[in-house]
Amino acid sequence: MASETDARHGQPPARADISGRVVAPSMLAADPARFGEQVDGLLDAGARVFHFDVMDGHFVPPISFGPGVIAALSERIHARGGVVDVHLMVEHPERQIDAVVQSGADVITVHIEALTHPHYVLSQIRAAGCLAGLALNPGTGAEVVQPLADLIDVGLCMTVNPGWGGQRFIDRMRPKIARMRTLLDSDASVEVDGGIDRMTGPICAALGANLIVAGSAILGAPVPALAYAEIARGVAAADTKTAAALR
Ligand code: DX5
Ligand code: ZN
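Residue numbers for the sequence shown follow the numbering used here, beginning at 298 and rising by one.
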């Protein structure tokens, strides 16, 4: 009989450690023909959290990839101590949780805008042994996380409209990042996603974000490992004392 570990592609259902500041490459910007090779190159460069954008063609217009692709990569990420961070941009995300858990996800993030019963779905994700993330589109105010804070391990502040890589960081999200940091529990992560590069990544970290997703700025760069290292250095050095001036 397959063990619990085998069923989840090498990862036992223990809570992943995503504390501290982390830069997470987004595989949306990777070359599908070279996914494994590109993950290995970024693991060699020090990346440990990998962000997977699942899009259904309904919640957002594009279709990206699903649990099958994540399952094909999660074992090599877990083997090096890494974390699989899945961002579900789909309608009815509650119907996908089981398949995404089985693909090896450690963090599963759902959009508040796609949910009728966010309390229930966040509980469902935690009950499956994963960290529960709640994502907010740019037009959604930070305050929605307050009544759900007990159930949120990761609050994701979208810094572009979801659906596409390579968009420009929306500057007006700056105070929202700081506000989400205040509203969430101190042991929860604040994640930012969209338009993150060597300039905007450190700004978000100074404002209180600790999980910093970057797609095209890393995987669209001539040498992704070098681009990852540069953003990670800037994020590590960001000073939260400068937050007030950055809002
Ligand atoms: C956008 C996705 C992002 C995307 C970010 O809907 O959620 O994760 O990969 O891409 P960049 O970093 O290129 O803005
Ligand atoms: Zn994303």
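Just so it is clear, CB atoms sit at the ideal spot from N, CA and C, and this is done for glycine as well.
Computed from a predicted model, the values in this text were never measured in an experiment.
- A contact between stretches requires three or more CB pairs, one per stretch, nearer than 8 Å, and the region 531-542 fails this requirement with the region 329-340.
- The alpha-carbon of Arg478 is positioned some 24 Å away from that of Gly379.
- Applying a distance threshold of 6 Å between residue Cβ atoms and the heavy atoms of the ligand ZN selects Ser323, His348, Asp350, His384, Asp490, Val510, given in chain order.
- With a 10 Å radius around the Cβ and a threshold of 16 neighbouring Cβ atoms, Asn507 comes out buried.
- One alpha carbon belongs to Val442, the other to Ala429, and they sit about 12 Å apart.
- Within the model, the alpha-carbon separation for Ile474 versus Gly460 is close to 20 Å.
- Ranked by Cα distance from Pro359, the options Gly505, Asp482, His389, Gly462 are led by Gly462.
- Counting along the chain, the unbroken beta strand (DSSP E) around Leu453 starts and ends at 451-455.
- The region 496-503 and the region 416-432 do not touch, with fewer than three beta-carbon pairs separated by less than 8 Å.
- Counting every other CB atom within 10 Å of its CB across the protein chains shown gives His414 a total below 16, marking it as exposed.
- Note on geometry: alpha-carbon atoms of Leu385 and Ser371 lie some 16 Å from one another.
- Taking all protein chains shown into account, Gly452 has 16 or more neighbouring C-beta atoms within 10 Å of its C-beta and is therefore buried.
- Secondary structure at His375: helix, using DSSP grouped into helix, strand and coil.
- In this structure Ile315 touches Ser486 by the C-beta definition: roughly 6 Å separates them, less than 8 Å.
- Every alpha helix (DSSP H) of 4 residues or more that sits fully in the region 387-475 is shown, in chain order, as 394-399, 415-424.
- When DSSP states are grouped into helix, strand and coil, Ile528 belongs to the helix group.
- Here DSSP, grouped into helix, strand and coil, assigns Phe347 to strand.
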